[in-house]
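Only one structure is covered here, and it is reproduced in the block below.
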Ligand code: ATP
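Numbering (the working numbering), first residue to last: -4 to 291.
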C-alpha cells in the first residue's frame, strides 16, 4: 500500500495534579485524561524522495512543518525502531482542526496517528505494545492519544491505567486566540512554589468516573496549572460564563488556555456555547470519545 489516512483525537484533562520536577526536566503528573471528538486528519503517502525523506504540510500556518513538527519526530522514531529503509520518502498532509497550543494535545494526537499510519502504509502490522513503546519515546501525551477513552496517567503521562469508558457527555470548548507555551506554564508552576490543594480529589474523581456520574465528575474537576496560567482573567471569565449558563462544571485543560465545560446533552451544550460565544473567539461543541487515534 502506498498511502494511509489516520484520525488524531484531542484530549482534555478532567484532573491534573503536577508533582515535583524530575532530574530529566519532566514533571511527574497524575492525570485523568479524556479523549474528545475534535480531530485532525493526517494523509500519508510514499514519494520518490525528491522532496527529502520526510515532508510535512499543514493546513494551519502556525504549525511548524520541518523537523520541529512532532509528526516528523514520530516518523523518525518509527523508522529507527523498525529499521525500515524507505526507497523514496514519505509525505504527510495534516488537516488541522484541533486548536493549536491550546492544552488539547493536538501535536501529541498527530504523533499517535502518524505511528498508526506508518504501520499501515508499510504493512508491518506491529503489535500494540510496540507502537505504545514508540509513542512514549515521541512524547508524554502520545501514549494516551493512541488509546483514547478515559485513563489515569502517571509518570510524565506515559504510564496509563485504562478507566471504564464514560457516556458520551457533551463538552463545550472555549478557546482564545492566544497560544500557551507548555514549558512556560510549567516554569511558572515551579516558581510559584506552592503545592496545590488536591487532598482527596483524585479519589473523588476516580469514583465519579467509575460511577459514570457527570455531576460527580464536575465536582471533582482539578487542574494545578490553572493557578499559573498566563491567561488568568480570560480563564476565569470563560469558566464563570459556562457555569452561569448552566454547565455543572468547567475547568482549564492541560496547560491551557482552553476552558472546557461539561454538560449532559446537546441542548444544554447549545445554551452554554451560545453564552461562551459572546466572550470567547473560538467555541466548539463536542463529546467524550471512547477511542483515540485510528486509521481512516
Ligand atoms: P502540549 O502537548 O505541549 O501540552 P498543547 O496541547 O497545548 O501542547 P499543541 O497543539 O500540541 O498544544 O502544540 C504545541 C506546540 O507544538 C505548537 O505551538 C507548535 O509549535 C508545536 N507543534 C509541533 N508539531 C505540531 C503539530 N503536529 N500540531 C500542532 N502543533 C505542533
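Positions of the beta carbon are idealized from the N, C-alpha and C atoms, including for glycine.
Predicted, not measured: the structure shown is a model, and the values here were computed from it.
Check: How is residue 207 classed by DSSP in three states: helix, strand or coil?
Finding: Taking the chain shown and counting its residues from 1, one reaches residue 207 at position 212. Coil at residue 207, not helix or strand.
Notebook entry, point to check: With distances taken from CA atoms, which of 241, 92, 100 and 81 is nearest residue 45?
Noted result: Residue 45 sits at position 50 when you count from the first residue of the chain shown. When only C-alpha atoms are compared, the closest one is 81.
Checklist line | CA-to-CA distance, residue 59 to residue 292, given in whole angstroms | finding: Examination of residue 292 is not possible in this model, given that the chain is present from -4 through 291 alone.
Notebook entry, point to check: Fully enclosed by the region 116 to 200, which beta strand (DSSP E) runs are 3 residues long or longer?
Noted result: 145 to 149, 154 to 158 and 165 to 170
Margin query: Here's the rule: buried if 16 or more other CB atoms are within 10 angstroms of the residue's CB, otherwise exposed. What is residue 224?
Written below: Here residue 224 refers to the residue found at position 229 when the chain shown is read from its first residue. By the neighbour-count criterion, in which a residue is buried when 16 or more other Cβ atoms sit within 10 angstroms of its Cβ, residue 224 is buried.
Check: Exposed or buried, residue 229, counting other C-beta atoms within 10 Å across all chains shown (16 or more means buried)?
Finding: To locate residue 229, count along the chain shown from 1; it is residue 234. Buried, since its Cβ has 16 or more Cβ neighbours within 10 Å.
Notebook entry, point to check: Can you tell which of 37, 87 and 249 has its C-alpha closest to the C-alpha of residue 51?
Noted result: Start at 1 with the first residue of the chain shown, and residue 51 comes out as number 56. Taking only the C-alpha atoms, the option nearest residue 51 is 87.
Check: Which whole-angstrom value describes the C-beta separation of residue 251 and residue 84, a residue pair presumed to lie in contact below a C-beta threshold of 8 Å?
Finding: Translated into positions along the chain shown, residue 251 becomes position 256. Translated into positions along the chain shown, residue 84 becomes position 89. Not really, about 36 Å apart at Cβ, beyond 8 Å.
Notebook entry, point to check: On the three-state DSSP scale, how would you describe residue 229?
Noted result: Along the chain shown, one-based indexing puts residue 229 at 234. Residue 229: helix per DSSP, three-state reduction.
Next item on the list: Spatial neighbours of residue 107 within its chain, please: CB distance less than 7 Å, with the 5 preceding and 5 following residues excluded, ordered by chain position.
Entry: For the purposes of this step, residue 107 is identified with residue 112 of the chain shown, where counting begins at 1. Excluding residues within five positions, the ones whose Cβ falls inside 7 Å are 3, 130, 137, 140, 141, 287 and 288.
Notebook entry, point to check: Taking buried to mean at least 16 other C-beta atoms within 10 Å of its own C-beta, is residue 72 buried or exposed?
Noted result: Numbered from its first residue, the chain shown carries residue 72 at position 77. So residue 72 ends up on the buried side.
Notebook entry, point to check: Would DSSP call residue 27 helix, strand or coil?
Noted result: As a working mapping, residue 27 is identified with position 32 in the chain shown. Strand.
Checklist line | Nearest-angstrom Cα separation, counted from residue 227 out to residue 31 | finding: As a first step, residue 31 must be located in the chain shown, where it is residue number 36. As a first step, residue 227 must be located in the chain shown, where it is residue number 232. Rounded to whole angstroms, residue 31 to residue 227 spans 24 Å at the Cα level.
Check: Run through DSSP, which three-state label would residue 48 get?
Finding: Sequence index remark: in the chain shown, residue 48 carries index 53 (1-based). Looking at residue 48 - three-state DSSP - the assignment turns out to be coil, as it is neither helix nor strand.
Notebook entry, point to check: If residue 246 sits next to residue 216, beta carbons under 8 Å apart, how far is it from one beta carbon to the other, in whole angstroms?
Noted result: One-based indexing of the chain shown puts residue 246 at position 251. One-based indexing of the chain shown puts residue 216 at position 221. Between residue 216 and residue 246 the Cβ distance is about 4 Å, and since that is below 8 Å, they are a contact.
Notebook entry, point to check: What's the gap between the Cα of residue 187 and the Cα of residue 15?
Noted result: As a position in the chain shown, residue 187 is number 192, starting the count at 1. As a position in the chain shown, residue 15 is number 20, starting the count at 1. Cα to Cα, the separation comes out at about 12 Å.
Checklist line | Sub-9 Å separation of residue 258 and residue 146 beta-carbons | finding: Here the question's residue 258 lines up with position 263 in the chain shown. Here the question's residue 146 lines up with position 151 in the chain shown. No, the pair does not count as a contact, with Cβ atoms beyond the cut-off.
Next item on the list: Could you check if residue 78 is buried or exposed, using at least 16 other CB atoms within 10 Å of its CB as the buried criterion?
Entry: Looking up residue 78 in the chain shown gives position 83. Exposed, because fewer than 16 other Cβ atoms sit within 10 Å of the Cβ of residue 78.
Margin query: 9 Å is my cut-off, CB to CB: does residue 39 come that close to chain B?
Written below: The question asks about chain B, but that chain is absent: this structure has only one protein chain.
Check: Comparing the CB of residue 44 with every heavy atom of the ligand ATP, is any distance shorter than 8 Å?
Finding: Here residue 44 refers to the residue found at position 49 when the chain shown is read from its first residue. Incorrect: residue 44 has no Cβ contact closer than 8 Å to the ligand ATP.
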